[in-house]
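Residue numbers (my numbering), protein chains in the order written: chain A, 110 to 433; chain B, 110 to 433; chain C, 110 to 433; chain D, 110 to 433; chain E, 110 to 433; chain F, 110 to 433.
Number of protein chains: 6
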Amino acid sequence: MTSLPNNFLGLPPRYSNYRRARFAVLPIPYDATTSFQAGTREGPAAIIRASQQVELFDEELETECHKAGVATLDPLMPNMAGPKAMHEDVFAAAKKIVRDGKFLIGLGGEHSITSGLVRAVMTKHKKLSVLQIDAHLDLRDSWEGAKHSHACVMRRILDLGAKIVPVGIRNVSLEEHRFLKTVIRTPSASEGPGLLLGEGRGRSLALPVRKKSAIRPWVEVVTARQCHTDDDWVDRVLNALGETVYITIDIDGFDPSFAPGTGTPEPGGLDWYQVTGLLRLVAAEKTVVGADIVEVMPLPGQAVTEFLAARLAYKLISYVQTRM
Amino acid sequence: MTSLPNNFLGLPPRYSNYRRARFAVLPIPYDATTSFQAGTREGPAAIIRASQQVELFDEELETECHKAGVATLDPLMPNMAGPKAMHEDVFAAAKKIVRDGKFLIGLGGEHSITSGLVRAVMTKHKKLSVLQIDAHLDLRDSWEGAKHSHACVMRRILDLGAKIVPVGIRNVSLEEHRFLKTVIRTPSASEGPGLLLGEGRGRSLALPVRKKSAIRPWVEVVTARQCHTDDDWVDRVLNALGETVYITIDIDGFDPSFAPGTGTPEPGGLDWYQVTGLLRLVAAEKTVVGADIVEVMPLPGQAVTEFLAARLAYKLISYVQTRM
Amino acid sequence: MTSLPNNFLGLPPRYSNYRRARFAVLPIPYDATTSFQAGTREGPAAIIRASQQVELFDEELETECHKAGVATLDPLMPNMAGPKAMHEDVFAAAKKIVRDGKFLIGLGGEHSITSGLVRAVMTKHKKLSVLQIDAHLDLRDSWEGAKHSHACVMRRILDLGAKIVPVGIRNVSLEEHRFLKTVIRTPSASEGPGLLLGEGRGRSLALPVRKKSAIRPWVEVVTARQCHTDDDWVDRVLNALGETVYITIDIDGFDPSFAPGTGTPEPGGLDWYQVTGLLRLVAAEKTVVGADIVEVMPLPGQAVTEFLAARLAYKLISYVQTRM
Amino acid sequence: MTSLPNNFLGLPPRYSNYRRARFAVLPIPYDATTSFQAGTREGPAAIIRASQQVELFDEELETECHKAGVATLDPLMPNMAGPKAMHEDVFAAAKKIVRDGKFLIGLGGEHSITSGLVRAVMTKHKKLSVLQIDAHLDLRDSWEGAKHSHACVMRRILDLGAKIVPVGIRNVSLEEHRFLKTVIRTPSASEGPGLLLGEGRGRSLALPVRKKSAIRPWVEVVTARQCHTDDDWVDRVLNALGETVYITIDIDGFDPSFAPGTGTPEPGGLDWYQVTGLLRLVAAEKTVVGADIVEVMPLPGQAVTEFLAARLAYKLISYVQTRM
Amino acid sequence: MTSLPNNFLGLPPRYSNYRRARFAVLPIPYDATTSFQAGTREGPAAIIRASQQVELFDEELETECHKAGVATLDPLMPNMAGPKAMHEDVFAAAKKIVRDGKFLIGLGGEHSITSGLVRAVMTKHKKLSVLQIDAHLDLRDSWEGAKHSHACVMRRILDLGAKIVPVGIRNVSLEEHRFLKTVIRTPSASEGPGLLLGEGRGRSLALPVRKKSAIRPWVEVVTARQCHTDDDWVDRVLNALGETVYITIDIDGFDPSFAPGTGTPEPGGLDWYQVTGLLRLVAAEKTVVGADIVEVMPLPGQAVTEFLAARLAYKLISYVQTRM
Amino acid sequence: MTSLPNNFLGLPPRYSNYRRARFAVLPIPYDATTSFQAGTREGPAAIIRASQQVELFDEELETECHKAGVATLDPLMPNMAGPKAMHEDVFAAAKKIVRDGKFLIGLGGEHSITSGLVRAVMTKHKKLSVLQIDAHLDLRDSWEGAKHSHACVMRRILDLGAKIVPVGIRNVSLEEHRFLKTVIRTPSASEGPGLLLGEGRGRSLALPVRKKSAIRPWVEVVTARQCHTDDDWVDRVLNALGETVYITIDIDGFDPSFAPGTGTPEPGGLDWYQVTGLLRLVAAEKTVVGADIVEVMPLPGQAVTEFLAARLAYKLISYVQTRM
């Protein structure tokens with residue numbers, strides 16, 4: 110007779126003890142600002158349950174990385190005073206984990222939580238690049254009245270001074286398109302004929318753009334279409350990222366066929382081998398210091414998305430741990 | 110060849126024109142502060158779609174009340190700056206409808222919207238009683254950091270100076286239980302042996318209670334158990350209500366067997382004939398000046414709840430209109 | 110090692126053989142022209158699968174009535190030329206069963222199939238009363254351009270010369286309300302103050318009504334509200350029915366809490382003991398010669414409705430068989 | 110910033126610590142022998158999640174009973190060697206809890222687990238009555254080749270020497286009907302005209318019945334129909350039960366309208382007030398020494414059943430604790 | 110405080126006004142005679158709701174094409190007299206739109222509606238090629254008794270004198286296979302060894318085929334397998350199409366992994382970039398004069414398909430508008 | 110008027126008669142040992158229903174292979190005494206079919222049934238290779254106490270003396286990884302640098318491995334990653350298989366995007382053309398003597414998986430029949 114601990118991977122105390130663990134999983138069941146379909150608050154619990162079916166042995170790396178210790182914290186409760194208040198709560202909870210020397214892995218919940226997590230990681234790593242797997246840029250300045258909306262989270266991260274490299278993008282607002290004209294990009298990307306997204310053939314839009322401050326934000330976009338047509342997209346990502354990297358994965362970066370459980374599924378996304386191949390290389394060539402997986406919205410009676418997210422989280426742990 | 114207008118009841122312009130309509134339906138697809146399951150933002154659209162299957166003729170009253178005019182407004186967009194900001198938006202939208210002389214019917218969305226609706230109605234009707242059909246009191250002072258949470262909405266309404274009569278209550282917090290000791294109740298209700306909920310047999314809780322201000326709030330609770338066991342519960346409600354009444358129906362006032370699509374289904378609730386029988390009497394004996402139906406969370410593939418809500422909304426219209 | 114035959118009740122050949130069976134179950138997976146998934150067309154297969162979980166022993170009657178033989182025919186394929194063509198197909202299939210001396214039990218599928226079934230039964234039993242358990246009268250003359258629509262099926266049955274006794278009614282169109290004024294009703298029912306539905310208190314509608322022919326249709330309505338408030342509603346049904354009875358059960362006659370899987374769920378319906386109690390009495394005091402259960406629309410992941418329908422069909426068989 | 114512990118009721122360590130707790134909740138996510146629909150293995154986790162929405166204050170008893178301590182153990186893993194092996198595992202896990210002096214509350218999972226739980230409780234309380242809320246007797250000797258099937262669990266409990274009082278029964282097999290003729294019943298129940306289920310009017314079945322041993326099993330059945338028609342059914346239950354009582358609640362004892370999430374939903378079951386009213390009286394007049402809630406099968410996207418089960422489990426704790 | 114208009118893309122009156130709009134979206138919620146819930150009839154409303162999440166800016170073309178005006182008409186009600194009657198209604202509604210000079214975009218509903226739409230477009234454009242994205246040929250002469258069945262719609266369009274180019278085909282009936290031997294094909298396609306589908310290796314079927322009339326129908330089939338293996342499939346489509354093109358997209362032309370919400374999902378279909386790449390080229394090189402998207406059957410709790418369809422419809426508008 | 114027989118492909122007696130049929134479909138609705146999500150017991154019925162929508166004509170092969178006869182047997186009932194007992198029942202049922210000279214096609218149900226089917230086929234074909242399409246190796250020696258668990262089925266088949274060729278593998282346990290070091294592999298596969306899975310770059314695991322017997326098991330693994338990156342993976346499979354082949358398809362060998370309905374969906378699997386292309390070649394170059402499709406777990410309201418499985422089963426029949 111045996112029992113199954115209800116934590117990420119279903120680990121016994123030996124491997125899930127917080128003090129001895131290298132990795133700390135922080136569930137944040139928060140979805141107050143999502144636009145359309147609701148339900149990402151169910152994400153963390155669903156991912157954790159699914160993770161208990163993942164083999165602890167990784168057949169790609171031929172190792173068992175849970176032995177480095179993976180602690181699962183109690184879920185962070187939502188703060189309903191508003192997105193700004195919640196941001197502070199996320200920051201406070203994450204900062205403690207970072208201070209304890211753990212590798213932080215946030216499980217969302219909506220994407221807005223990422224700015225709190227990144228801010229916490231930046232208390233330790235000032236110079237940070239953020240690799241963003243996502244269908245949307247999330248670069249609006251404000252959305253539905255909120256600065257800390259999920260639709261603005263990467264803008265807030267730019268405000269913190271981090272570089273960002275969005276990958277898998279395929280739905281962009283006019284506001285974001287205009288904003289991109291104000292940012293710094295890598296030289297290799299600027300060689301194109303002046304098109305910021307690198308693939309358009311439509312008529313150009315003459316837009317007056319003003320710099321907001323002396324310090325210009327730094328963004329390098331890789332669209333989903335580029336991931337499907339350009340052979341060098343992975344190199345572009347690696348070149349654009351600095352040495353120290355935080356990874357935020359909005360599950361809608363995947364094509365909805367692989368991850369249907371998300372609020373605004375956008376056709377034309379990435380597949381399993383594209384994402385895991387990229388993560389493996391980034392983990393091997395950079396220093397990854399934190400990560401999150403967000404916007405998993407469990408579908409009733411269809412567990413595919415949380416299985417993928419659980420597998421992905423452990424892959425990420427394994428890539429990071431194997432490299433060390 | 111005919112077409113079906115996408116408004117409440119699927120009415121042609123003749124009956125759905127705002128200027129000529131007596132009733133105005135305001136959809137508010139907002140659920141930012143709900144505690145557990147999400148999805149009430151889908152409620153208004155689902156109710157409106159279901160309403161298009163409701164017969165315009167009411168077989169109980171033998172009338173067609175849609176002829177008084179029922180306009181459906183465009184949905185009010187959520188304000189994600191926080192619950193307080195959303196409250197102001199609801200108030201502003203509703204005040205305009207009240208000022209236009211319409212009978213306001215809000216469709217939620219989470220219960221927190223009701224305080225904005227009631228506040229708007231009170232710009233016209235200063236002395237207001239609110240009949241609340243609900244499983245929960247929603248009388249907390251604050252919840253998860255928010256004063257305008259769904260869990261506090263009736264407390265906010267007491268703050269506005271309205272009387273409230275909660276009916277169908279069956280899940281109460283200790284905080285609310287203590288608060289009830291500070292409020293004014295009708296004489297008939299105070300005859301019991303000091304038990305505020307009137308049915309307990311447990312050991313008493315000695316709690317120090319302080320009045321917060323000179324003006325004490327006025328609450329008369331009718332529990333779900335009383336609705337099932339006391340013959341005079343309807344009379345108690347009618348006695349407790351003043352002349353001018355606003356009706357707010359949290360769909361979880363119904364037993365989950367009748368309305369399973371809601372966030373926190375509580376067993377032991379009211380049935381169709383209890384609620385409609387009460388509404389008919391209240392509409393006949395009082396002056397109803399506004400109403401809302403909230404917390405409808407459409408279930409995937411199970412339309413029972415929105416059908417009930419649509420039927421209920423039209424019943425309410427018919428009761429109000431027939432009385433006039 | 111055993112196997113489970115895929116027929117109604119999962120009976121072995123000994124009891125499911127058509128030639129020796131008293132009862133013949135005819136599945137009619139019809140709800141119009143789409144190919145596969147959708148609504149009530151899934152009803153018959155779902156009821157048959159659920160029926161394989163029903164005990165063959167009936168604990169109320171303390172008998173095993175399947176021994177009288179219950180054959181399950183292959184499903185009747187839809188005819189998509191239009192509702193009239195389908196009506197003819199249903200009639201032809203059912204007439205053969207009636208001619209073979211079987212007790213016909215139709216499983217729908219939408220309610221429009223009933224007119225074909227009744228027409229077939231009337232080739233043998235000219236003078237027929239039809240007991241209709243239903244939320245809707247289905248007495249429109251035409252609906253969305255079709256005379257053989259589900260919304261008109263009882264009107265077509267009146268055209269055949271049968272009496273009808275609708276029970277559980279709670280959503281009536283103005284057209285149907287007006288039509289009821291032209292029909293013959295039992296003396297006991299006509300004692301009311303001129304209100305055909307017997308319960309209204311609204312303002313009367315002055316409507317000019319013309320007889321269409323010398324032979325007036327015969328209808329006795331028992332509303333759902335009467336089933337909940339009048340003690341003698343069962344007697345009214347029994348008095349209204351003639352000696353030879355066909356029973357058609359639209360599953361929406363039940364309250365949606367008991368049978369949520371149906372296309373237009375109407376609150377305020379009948380419960381299990383009301384329906385089975387009535388059926389038992391009708392089977393005991395009348396000669397029941399055929400029956401159907403229609404409008405079962407299986408919900409994804411929620412089998413309650415088909416379980417109820419399966420149990421109900423076997424109850425009906427048992428009541429009929431025990432009486433014999 | 111706060112966090113929510115993932116245990117029954119979401120209790121902080123102070124109240125969920127095993128050593129100090131009076132009540133111990135044992136989740137058993139096992140469904141290997143169920144007949145039809147699968148999924149009760151998801152029951153315990155769903156009930157625990159729903160329980161975190163239940164108010165810790167009970168408005169009926171006006172107390173907070175969680176303060177007596179309610180510990181939640183890690184889920185017991187299934188043993189797939191077969192039902193007999195699983196029975197032994199359940200027994201071993203439960204015996205330890207009983208030995209530790211805790212009040213055992215099992216959360217299923219399928220009903221077969223109850224025999225292991227009862228056997229464990231009987232290591233301490235030799236003379237035990239088992240109150241069984243259920244739609245089915247579960248009194249088969251063997252089912253689909255298994256003695257420890259869910260369909261045989263009460264037969265196994267009779268083998269242990271316990272009395273059983275099944276309540277809410279409404280689907281009985283011929284084998285069980287015959288078996289009932291061999292058992293001992295209370296005098297009041299035996300006064301009927303020889304019909305064991307007390308309500309039949311069908312033709313009698315002449316069946317030869319043989320005693321299996323000198324010690325005859327003791328069973329007192331209260332059918333669902335009796336619960337709806339006989340005023341004294343609660344007294345019959347109380348009279349039949351001995352002083353020391355174990356309570357097993359198969360969720361299908363409830364009508365499917367209240368608890369649709371179960372494998373074989375049977376129409377005509379009990380409602381919330383019938384069950385909780387009975388439990389309160391039993392807890393007040395007897396000594397309840399253990400309990401379980403089983404056969405909860407979470408439906409995709411419809412949480413009504415687990416909410417009811419969570420509320421029920423806490424009601425049971427409150428009734429037991431208040432009495433003490 | 111803002112509100113969201115309930116039309117395609119959620120456009121304000123300025124861009125959704127019918128008179129000023131270039132594009133007119135006609136929702137046709139038709140999949141036959143049942144009343145409410147079921148299959149593809151839910152498609153148009155779901156697509157429209159999803160469209161309100163689509164960015165108005167297109168990141169591929171770097172334009173905002175909604176400014177050309179996109180009006181959404183009220184849904185066309187089903188005519189249940191039969192498929193022929195419905196065809197006439199669709200034709201009448203569409204003809205008016207064509208006469209008003211709008212670019213017609215039909216949203217289904219089942220595929221049978223396309224013949225009415227094409228017939229309307231041909232009142233203006235006599236010489237028309239129809240590009241059909243589909244898993245099935247829909248070339249039966251009659252199906253389940255109906256000439257205007259969804260399974261016959263392209264046969265009806267051939268009857269109108271249009272050329273058709275089916276793309277993505279992967280489930281063919283013997284009748285259709287035989288019919289293809291009677292049609293005209295492009296020279297490039299006829300070079301194969303006599304195999305109409307171009308990929309078979311099975312034994313040949315000797316079938317007598319007779320021409321029905323002097324005017325032979327014109328069909329060029331591109332199977333799904335060819336789309337996955339032949340590099341020149343897009344060229345074949347472009348060569349086969351005439352100058353003036355109508356596009357009908359049966360959503361099951363996509364692989365079910367991308368569009369699971371459809372009635373008969375066939376494995377092996379097209380992906381997002383295949384379809385949008387083709388559409389962009391067709392829009393650039395031909396004159397597209399009308400389009401429809403059909404057979405979207407919203408799945409409960411899984412919105413992927415309607416999101417794809419909404420995005421696709423706006424892509425199509427953008428390709429058409431950008432080219433102009 | 111026509112009717113639809115409820116068997117695989119919906120065939121009339123002429124083609125579904127057992128005596129004359131070449132192929133025999135055995136439904137085995139068993140899922141007692143599955144680890145996580147339950148529901149594969151619903152698989153066979155769902156596949157059979159979906160199969161009735163498959164065209165009898167195969168457009169790839171241009172033949173109608175159902176004419177060889179495809180009989181559908183009654184479902185084999187589960188034996189709940191335990192997995193070993195069920196294994197014997199499956200073996201007995203399958204042996205009879207094999208003895209009757211039929212080509213056996215099992216429809217699961219969980220994967221554990223395959224060992225009984227293979228054992229039956231080996232009564233006729235002593236020297237057998239088993240092609241296993243799967244995400245998991247299922248090579249554990251024992252799982253959750255059971256030797257005949259789904260997680261051990263291929264180990265049991267090795268015990269029978271068959272070779273196995275697992276294809277699509279992407280989740281491996283440490284136990285299985287170690288076991289693989291003890292088995293015989295083809296020379297071509299052993300050329301690698303000692304890595305059994307052929308793709309790892311992690312640190313090696315030094316594990317002591319002992320042979321259990323003189324006869325070493327024979328296994329050739331092709332991982333999912335190899336199917337996506339190695340051009341010669343199909344050749345490796347063909348080389349590894351002997352002349353006589355049994356095919357077992359765990360539906361989770363497909364990527365979850367194509368077959369979401371399964372208990373433990375693993376990202377990174379095979380697509381439709383990979384699997385059917387492989388099957389066609391194996392059927393052409395080897396002698397296929399039996400097959401099964403298992404682990405189909407129908408999702409509520411999402412029929413994609415059973416459609417794929419039905420199509421796949423008929424493809425397999427067609428490939429086998431065409432070759433003959």
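Don't be surprised by glycine CBs; every beta carbon is placed ideally from N, CA and C.
Residues of chain A whose Cβ lies closer than 9 Å to the Cβ of W252/B are, in chain order, M189. Non-local C-beta neighbours of V292/D in its own chain, meaning closer than 7 Å and more than five positions away in sequence, comprise R325, P326, W327 and V328, ordered along the chain. An exposed status is given to G210/D, since fewer than 16 other beta-carbon atoms sit within 10 Å of its beta-carbon.
Segment contact: the stretch 338–356 of chain B against the stretch 395–412 of chain B, three or more CB-CB distances shorter than 8 Å; contact assigned. Distance from the CA atom of L118/E to the CA atom of K424/E, rounded to whole angstroms, is 12 Å. DSSP places S238/A in the uninterrupted beta strand (DSSP E) bounded by S238 to I242.
Taking one beta carbon from each stretch, the stretch 125–134 of chain F and the stretch 169–189 of chain F have 3 or more pairs nearer than 8 Å; the two touch. Residue-level contact by beta carbon holds for A412/A and chain F, with a gap shorter than 8 Å. Beyond the five residues adjoining it in sequence on each side, F288/F comes within less than 6 Å, by CB distance, of L248 in the same chain, given in chain order.
Distance from the CA of R279/A to the CA of R389/A, rounded to the nearest whole angstrom, comes to 23 Å. Between N116/F and the set V343/F, I156/F and R150/F, the nearest pair of CA atoms involves I156/F. Rounded to the nearest whole angstrom, the CA to CA distance from P138/C to S160/B is 27 Å. With fewer than 16 other Cβ atoms from the protein chains shown falling within 10 Å of its own Cβ, K193/D counts as exposed. In the DSSP annotation of this structure, the continuous segment of the alpha helix (DSSP H) that includes T414/B starts and ends at V413 to R432. For V405/E, DSSP assigns no beta-bridge partner whatsoever.
Against chain A, a Cβ distance below 7 Å from L417/E picks out P376.
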